[in-house]
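In our numbering, the protein residues as written are 18 to 337.
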Ligand code: NAP
């Protein structure tokens with residue numbers, strides 16, 4: 018198989034930690050260029066603007082965006098207008114309407130658009146979905162807590178409008194929830210804690226219902242010290258399923274049915290899964306844009322009661 022040439026836009030933490038290694042091991046893709054204001058990576062041709070790359074490299078049919086959500090849309094639009102297939106990091110944009118616009122454009126031009134949710138490719142997510150498929154869901158408790166100073170040092174964009182704050186990681190929980198739960202849910206209440214100096218929340222509690230009544234509670238916190246808690250407990254008529262470590266480990270009533278091989282917290286294997294899926298979409302001439310996780314976040318902002326939290330100072334930015 019001849020690999021598809023792909024360009025990577027935005028060479029920050031996730032590009033270096035996951036996209037570049039996943040592309041290096043991919044048989045389906047070859048990293049042919051980067052778009053980076055800060056210089057890109059050694060040995061790969063770099064451009065500082067998406068438009069310049071699109072003009073200079075008509076031989077690159079696919080572009081993958083790892084930029085912050087607030088600056089994703091214009092580059093993705095330019096790529097689609099130039100006839101390229103597009104893959105988007107999560108969240109797929111800063112607003113639902115801008116992602117809808119990309120979806121329409123891709124459809125009009127017959128191009129593939131892939132709005133990725135990396136957590137759906139965590140090791141135990143497919144097994145959890147299969148186990149839950151015929152169960153009655155009684156209650157769901159999500160705990161998504163991590164230390165922003167460890168996981169997102171110096172990322173000022175997270176605290177600016179459109180950066181989502183704590184929902185930047187918590188949308189991963191919602192991407193798993195909407196994938197595995199056999200019933201749809203909707204947000205009924207949210208309490209969101211905004212630092213006085215930030216546009217986005219640092220913590221919150223969110224409640225969701227299904228047609229049968231209240232079902233989900235989610236506690237999310239960006240100031241949680243120590244190992245992160247990325248866990249969902251789903252109580253059913255046949256026992257309680259726990260998905261832990263961001264979806265990597267599943268237990269039913271405390272027992273891991275497939276063995277408890279994963280001990281490290283991380284997102285190993287998820288990006289290989291994303292690029293395999295993108296290759297599949299390209300081969301089939303299809304798109305995948307599932308906005309349900311982003312709808313839950315948008316609804317939490319719409320319904321959210323705003324609470325004031327102390328000023329947040331990123332120690333990394335202070336040192337800089
Ligand atoms: P990051 O470290 O801040 O990297 C983003 C990169 O985008 C920057 O390094 C910069 O690269 C480029 N960029 C272009 N315009 C920018 C602007 N106006 N402000 C800041 N950066 C700009 O962020 P990240 O953690 O990689 O996150 C990027 C996306 O990946 C987010 O949507 C995030 O939710 C998602 N994600 C992150 C993680 C994680 O663990 N960090 C995990 C999964 C998904 P150049 O210097 O090359 O231009």
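Quick reminder that beta carbons are idealized off the backbone N, C-alpha and C, glycines included.
Span separating the alpha-carbon of residue i from that of residue j
i, j, result
"residue 172", "residue 254", "42 Å"
"residue 268", "residue 66", "46 Å"
"residue 189", "residue 247", "9 Å"
"residue 321", "residue 223", "8 Å"
"residue 192", "residue 136", "7 Å"
"residue 328", "residue 219", "10 Å"
"residue 85", "residue 117", "18 Å"
"residue 163", "residue 90", "28 Å"
"residue 21", "residue 122", "22 Å"
"residue 3", "residue 106", "For the chain, the structure presents residues 18 to 337; residue 3 sits outside this window and is missing."
"residue 148", "residue 99", "43 Å"
"residue 306", "residue 120", "7 Å"
"residue 237", "residue 37", "29 Å"
"residue 160", "residue 239", "11 Å"
"residue 72", "residue 225", "46 Å"
"residue 95", "residue 43", "26 Å"
"residue 243", "residue 167", "9 Å"
"residue 272", "residue 245", "21 Å"
"residue 97", "residue 287", "25 Å"
"residue 280", "residue 75", "Model confidence at residue 280 stands at a pLDDT of 48, short of 50, so the residue's coordinates are unreliable and nothing is read from them."
"residue 304", "residue 104", "10 Å"
"residue 285", "residue 324", "36 Å"
"residue 18", "residue 294", "16 Å"
Which listed residue (the options) has its alpha carbon closest to that of residue i
i, options, result
"residue 205", "185, 227, 67", "227"
"residue 63", "25, 126, 156", "25"
"residue 175", "159, 161, 217", "217"
"residue 312", "101, 111, 291", "111"
"residue 50", "31, 82, 19, 42", "82"
"residue 145", "260, 325, 242", "260"
"residue 158", "294, 170, 194", "194"
"residue 201", "285, 231, 330", "231"
"residue 316", "186, 203, 170", "203"
"residue 68", "60, 77, 61", "77"
"residue 197", "184, 177, 258", "258"
"residue 127", "102, 138, 141, 287", "102"
"residue 292", "41, 33, 332, 27", "41"
"residue 47", "53, 39, 54", "39"
"residue 186", "229, 199, 250, 108", "108"
"residue 333", "140, 169, 177, 124", "169"
"residue 27", "19, 45, 18, 70", "70"
"residue 265", "331, 30, 138, 309", "138"
"residue 34", "308, 58, 125, 180", "58"
"residue 270", "18, 309, 249", "249"
"residue 330", "309, 274, 262, 165", "165"
Helix, strand or coil at residue i according to DSSP, with G and I counted as helix
i, result
"residue 301", "helix"
"residue 191", "helix"
"residue 173", "helix"
"residue 58", "coil"
"residue 37", "helix"
"residue 330", "coil"
"residue 246", "strand"
"residue 120", "helix"
"residue 322", "strand"
"residue 211", "strand"
"residue 106", "coil"
"residue 231", "strand"
"residue 21", "strand"
"residue 29", "coil"
"residue 236", "strand"
"residue 203", "strand"
"residue 125", "helix"
"residue 166", "helix"
"residue 142", "helix"
"residue 312", "helix"
"residue 261", "strand"
"residue 113", "helix"
is_contact[residue i, chain B] using C-beta, thresh 8 Å
i, result
"residue 185", "Of the protein chains in this structure there is only one, and it is not chain B."
Q: Check whether the segment 126–135 touches the segment 205–215, taking contact to mean three or more Cβ pairs, one atom from each stretch, closer than 8 Å.
A: no
**Q.** Three or more C-beta pairs below 8 Å linking the segment 148–157 and the segment 289–309
**A.** no
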